Structure formats: structure tokens, C-alpha cells
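Before any comments, here is the structure.
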Amino acid sequence: MPGGKLGLTDVTVKGKLPQELDRLLAVAACVGDALPLEGYRDLATSAGFVVEHLQALPETAQSFLTDLKGKLLLAEVASGLGKLQVPTDLIGEAKRVLAAAQDAVAEGSLGHGMLVARRPE
């Protein structure tokens, strides 16, 4: 549609993720087909859009993981108090995967990005 606009924020990947993250994220976070930020740009331009803004947002990915870490801590405390029935090994695995995700964000292989584009009139 001429004059159409597109705004997109999504998980981005750069290079290869550790296998445990690749498997888990593909299932749990629907990012099995996540692209590098430039890949989203290429998709938009191939669909006839002109990209007006493209921005990596690593702080968004880090903020999400920090929030998740807090929720995981609450689950661990609630489980320890007997208020939440979660197997201890599951919490331990979640902490391990979270640490791997934080490392991937710090290394730049996992992130978040934003794209704004328009279709010429």
C-alpha cells in the first residue's frame, strides 16, 4: 500500500547463539527465526519500504533479563517457603539459562532492535 508505515521492535541475533539458548529461545520466546538487525532492514526494503530509522536497543534486552531475574528470585523464595510448587532443579536450570542469555547480550549476540519504515507514495 503506497504511503504505508511500518514500526517493528523485535529480538535480534548476531552470529550463533549458544545451543541451550537457541533451543530454549526458539520454543519459549518465539525467536527461532530472529534475525540480525540488518536482516530486518533487508526484509523491509525488499518489501518496498524505505527504512527511516534503524536502532539497536541492547538496553531493552538487558532490562528484560534484569526483570526476569527478579521474577526468578521471587519464584525461588516462594518455592523455598512452600508457597510455590516448582522443582528446585527447574529453578537452577532457569538461572543457568538466564546467565547464558545475559552473557549473550553482553557479547552482542542477543539483543533487541527497532525499525521504522515507510512505503513511498
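When we follow my numbering, the leftmost residue of the sequence shown carries the number 10, and every step to the right adds one. From the three backbone atoms N, C-alpha and C, an ideal C-beta is built for every residue, glycine too. Since we're looking at a predicted model, the values are computed, not measured.
Which residues in the same chain as residue 95 place their Cβ atom closer than 7 Å to its Cβ, once the five residues preceding and following it in sequence are excluded? Correct list, in chain order: 84, 88.
Between which two residues does the alpha helix (DSSP H) holding residue 102 run? Element bounds for residue 102: 97 to 116.
Whether residue 105 touches residue 59 by CB criterion (8 Å): no
How long is the line joining the alpha carbons of residue 64 and residue 99, rounded to whole angstroms? Cα to Cα, the separation comes out at about 35 Å.
Going by DSSP, what residue range makes up the alpha helix (DSSP H) through residue 50? 46 to 55 is the span of the alpha helix (DSSP H), which, as asked, contains residue 50.
May I ask you to report which of helix, strand or coil DSSP gives residue 71? helix
May I ask you to report which of helix, strand or coil DSSP gives residue 23? Coil at residue 23, not helix or strand.
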